[in-house]
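Student: Residue numbers (this note's numbering): 29 to 343.
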C-alpha cells in the first residue's frame, strides 16, 4: 500500500470538499497546500492561472458568485500515481450538483481533475504545483472520441436559428416578406444602389366579396396565388412583401417603363394561370407601378394610386 499516495488523495478530497461545501471559509486552511508558482487550468475559457496569487484572486470572485448556492457531492473518486520520490499525480472525478427544494438541479457538474504534488525539499511538505479540471461534453456519445454529436448539435442549432430568423422575416401564409422585413430591405437596397428601382403594388380585386361568397379558404388561395405570381416573376435580388391584408408590394430593378409594364402584365398572366379552373367568382388582380425617384414611400404611394386607377379602368 502506498501511504503517500493515499495521503495525497485525502488532501485532494479535502480540497474539493472545502471548495464545494465550505466556500470562502476554507481558503485560509487550503492555501498552504498550493505552491506559489502553481499553474491552474479550469473549465472556463478565461480560467488559466500561472501563479497562486492570480488563482486566489479568481477564487475570491468564484466564491462571491456561488455564495448563495448550496452544493452536494453526488459521487467522487480519487486515484494516485507515483512519478518519482518527490512527485505524485492525483486524479479523479467529482460529481456535484446544486441542492434544490423541488428536486431539480440548476447546476449539475460531473468534473474530472488532475493534481500534481511536489515535495518541498526545504520543509518536506507536499504542495500542489499544477491543477487541471475538465468537463466532458454533455452531447458526446460513449465511445465517440471526437465530439461529433456535439458538432452536429451545434450545426443543428445554427440551422434552427437561421430558420427562425427567416420565419421572423416572412409572412407564414404566402412566403413573401412581412411588412417590417420588406420595408427595411427596400430602404437598405435603395440606399446601397439608388438608381434603377421600380415599385409595384398589387392586390386581389373584390377580395372581401370572395371571402364573403366563397369563404376564407378561397380568399387564402387567392392570396397565395398572387404571392406566387409576384415571387415567380421577381428576380432573385428583387423584394416581394405582403404589406397589409391582400396588398403586396415589389421592389424590382428594371431599366425602363416598358420593362415595368411587361413585369406587371407577366404577373397578371401568372396569377390567371394559378386560378384557372376556379368555379363561380374567378379572382382577378390589379397592379400599379412607379419609378423610385425620391423616397421609397413616395414611390409606393404613387404605385398604390396607379393600382386603384387600374381598378377603376375595369369598371
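Glycine residues also receive a C-beta, built at the ideal position from the N, C-alpha and C atoms. Source: prediction; values computed, not measured.
Could you say if the segment 107-119 and the segment 80-93 meet the contact criterion of at least three C-beta pairs nearer than 8 Å?
Tutor: Flag = no, the segment 107-119 and the segment 80-93 do not touch.
Student: I believe residue 255 touches residue 238 by the beta-carbon criterion, under 8 Å. Please report the beta-carbon distance rounded to the nearest angstrom.
Tutor: With 8 Å as the limit, residue 255 and residue 238 do not qualify as a contact, their Cβ atoms being about 15 Å apart.
Student: Please report the straight-line C-alpha distance between residue 232 and residue 312, rounded to a whole angstrom.
Tutor: One C-alpha to the other measures close to 6 Å.
Student: Given this structure, state the Cα-to-Cα distance separating residue 275 from residue 314, to the nearest angstrom.
Tutor: For residue 275 and residue 314, the distance between alpha carbons rounds to 10 Å.
Student: Just tell me which of 263, 44, 82 and 207 has its CA closest to the CA of residue 67.
Tutor: Ranking the options by Cα distance to residue 67, first place goes to 82.
Student: What does a CB cutoff of less than 7 Å around residue 317 pick up in its chain, not counting 5 residues either side in sequence?
Tutor: These residues qualify, in order along the chain: 226, 227, 228, 288, 292, 331 and 334.
Student: First and last residue of the beta strand (DSSP E) that includes residue 119?
Tutor: Unbroken beta strand (DSSP E) run through residue 119: 115-126.
Student: Give the range of the alpha helix (DSSP H) segment to which residue 248 is assigned.
Tutor: From DSSP, the alpha helix (DSSP H) with residue 248 extends over 244-261.
Student: Please classify residue 112: does DSSP put it in a helix, a strand, or coil?
Tutor: Residue state, collapsed to three classes: strand.
Student: What does the alpha-carbon distance come out to for the pair residue 80 and residue 63?
Tutor: When rounded, the distance between both Cα atoms is 7 Å.
Student: Let me know the secondary structure DSSP gives residue 131 once reduced to three states.
Tutor: Any reading at residue 131 needs caution, since the residue's pLDDT is 49, under 50, leaving its predicted position unreliable; the model's value is listed next. Residue state, collapsed to three classes: coil.
Student: By how many angstroms is the C-alpha of residue 108 removed from the C-alpha of residue 29?
Tutor: Approximately 12 Å between the Cα atoms of the pair.
Student: For residue 55, name the three-state secondary structure that DSSP assigns.
Tutor: Helix, per DSSP.
Student: Using the Cα positions of residue 131 and residue 125, report the straight-line distance between them to the nearest angstrom.
Tutor: Because residue 131 sits at a pLDDT of 49, beneath the cut-off of 50, its placement in the model cannot be relied upon, and the following sentence gives the value as read from the coordinates. Each residue's alpha carbon lies about 11 Å from the other.
Student: Leaving out the 5 sequence neighbours to the left and right, which residues in its chain are closer than 7 Å to residue 246 when beta-carbon positions are compared?
Tutor: Hits under 7 Å: 238.
Student: Nearest-angstrom Cα distance between residue 142 and residue 40?
Tutor: So the alpha carbons of these two residues sit roughly 9 Å apart.
Student: Is residue 324 near residue 223, with beta carbons less than 9 Å apart?
Tutor: The answer is no: Cβ separation not under 9 Å.
Student: Any idea if residue 155 is buried or exposed, counting beta-carbon neighbours within 10 angstroms, 16 or more meaning buried?
Tutor: So residue 155 counts as buried.
Student: What residue range is occupied by the uninterrupted beta strand (DSSP E) comprising residue 29?
Tutor: Looking at the DSSP string, residue 29 is not in any beta strand (DSSP E), and its letter there is neither H nor E.
Student: Whose CA, out of 78, 319 and 74, lies closest to the CA of residue 65?
Tutor: That would be 78, whose Cα lies nearest to the Cα of residue 65.
Student: Here's the rule I'm using: 16 or more other beta-carbon atoms within 10 Å means buried, otherwise exposed. How should residue 35 be labelled?
Tutor: By the 10 Å Cβ count, residue 35 comes out exposed.
Student: Starting from residue 219 and walking both ways along the alpha helix (DSSP H), at which residues does that stretch end?
Tutor: Note, residue 219: alpha helix (DSSP H), 207-220.
Student: Apply the 10 Å Cβ neighbour rule to residue 44 and answer buried if 16 or more other Cβ atoms are within range, or exposed otherwise.
Tutor: Residue 44 is buried by the Cβ-count criterion.
Student: Can you tell me which of the three DSSP states residue 80 falls into?
Tutor: Looking at residue 80 - three-state DSSP - the assignment turns out to be helix.
Student: Given residue 269, which residues of its chain have a CB within under 6 Å of its CB, disregarding the five upstream and five downstream residues?
Tutor: Once the five neighbours on either side are set aside, the close Cβ partners of residue 269 are 204, 205, 210 and 277.
Student: Excluding sequence positions up to five away, which residues of its chain have a Cβ less than 8 Å from the Cβ of residue 153?
Tutor: Closer than 8 Å at Cβ, skipping near neighbours: 60 and 147.
Student: For residue 106, write down the residues that DSSP places opposite it in a beta bridge.
Tutor: Beta-bridge pairing links residue 106 to 120.
Student: For residue 136, list the residues DSSP reports as bridge partners.
Tutor: BP columns for residue 136 point to 125.
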